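This report refers to the structure that appears directly beneath it.
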Amino acid sequence: MLPEPLRRWLSVLEVVAFATLLRSVAFDRWITVLMSLFLLTAAFGARRGRSWGVALAFAASCFFPLAFVLGMAPAWFVAVGAIAAVPFALTWRAFARADRAATAWLTGLSVGAGALVALVWQQIAWPLFWTFPSLFPSVRPQNGLLVTALLATGAAVAAIRWRAARRERSSTDASAGLTALESTTTGMRIATTSETAASARAQTFEAELEAQEALAEAAPSRKRVQS
């Protein structure tokens, strides 16, 4: 079971990564398409408790701000990178408790991998575009059918997720109701048992009082008989 803050941020990351993917497909930004797919894959793995998902998201997060710094991307890429880094920011203490040295290596390798992709792309992008003109980024939106297919797929996945979350909430509420009912029933049983015990003690006490009164009344009669 993932912590609630991590789950919320993974949902935000999925939305941001999917929006970046749609924009990148529409404008033929193929390197950003690849990095957006990395982010979606990372969120998928992290949702299932896989540490590689958090590491992959952190590595991809380093690409986006560096791409802006190198003049290859708009300023909002910095925000994408910051959001992608949040899952690692929420979990690095748990990693460090398990193995501090491995966490340090993971951090360094992730930062290095993201930076390396940005630097390599800066060097090979223009030669690649001139070799394959179809890869040139477009100024106007393109690939309408592919964008529509992606939107339909995203809507279907969102609907499935929503139904699953609704079923989970219903089952959680039902379990909470059963637990409360069991607690109430147990409390009633304890109260009934306590009342029964108290009633039995009261009856015993009353019987003892009656016996003492009977003995007190019988004492003068015995004295008169003896006289």
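Residue 1236 is where the sequence shown starts when you use the working numbering, and the numbers rise one by one after that. For every residue, glycine included, the Cβ atom is placed at its ideal position computed from N, Cα and C. All of these numbers come straight from a predicted model, not from anything done at the bench.
Buried versus exposed, by CB contacts within 10 Å (16 or more), residue i
| i | result |
| --- | --- |
| Ser1373 | exposed |
| Trp1244 | buried |
| Ser1405 | exposed |
| Glu1239 | exposed |
| Ala1353 | buried |
| Gly1288 | buried |
| Pro1362 | exposed |
Residue from the options with nearest C-alpha to residue i
| i | options | result |
| --- | --- | --- |
| Ala1331 | Ala1350, Val1355, Ser1286 | Ser1286 |
| Ser1278 | Val1268, Arg1258, Phe1253 | Note on residue identity: the sequence assigns Ala, not Ser, to residue 1278. Of the listed residues, the one whose Cα sits closest to Ala1278 is Phe1253. |
Own chain, CB closer than 6 Å to residue i, minus 5 neighbours either side, in chain order
| i | result |
| --- | --- |
| Phe1371 | Phe1364 |
| Phe1299 | Phe1312, Val1315, Gly1316 |
Alpha-carbon to alpha-carbon, residue j and residue i
| i | j | result |
| --- | --- | --- |
| Ala1350 | Thr1342 | 12 Å |
| Val1304 | Ala1320 | 17 Å |
| Ala1348 | Cys1297 | 8 Å |
| Val1460 | Leu1444 | For Val1460, the pLDDT reaches just 48, beneath the cut-off of 50, and the residue's location in the model is therefore unreliable, although a value from the coordinates is still provided. When rounded, the distance between both Cα atoms is 25 Å. |
| Ile1318 | Trp1265 | 21 Å |
| Thr1338 | Phe1293 | 12 Å |
| Leu1386 | Leu1272 | 14 Å |
| Val1315 | Arg1402 | 31 Å |
| Pro1309 | Gln1358 | 18 Å |
| Val1251 | Ala1336 | 31 Å |
Close Cβ partners of residue i (< 7 Å) along its chain, the five nearest in sequence each way excluded
| i | result |
| --- | --- |
| Ala1261 | Pro1376, Gln1377, Asn1378, Val1382 |
| Thr1276 | Leu1291 |
| Arg1242 | none |
Close-in-space but distant-in-sequence residues of the same chain around residue i (CB under 8 Å, 5 per side omitted)
| i | result |
| --- | --- |
| Arg1396 | none |
| Ser1462 | Any reading at Ser1462 must be qualified, since the residue scores a pLDDT of 48, below 50, and its modelled position is unreliable; the value itself is stated next. Result list for Ser1462: empty, nothing under 8 Å. |
| Gly1284 | Leu1237 |
| Arg1282 | Leu1237, Arg1242, Leu1245, Gly1288 |
In the stretch 1317 to 1375, which residue ranges form an unbroken beta strand (DSSP E) of at least 3 residues, counting only runs that do not cross its ends? none
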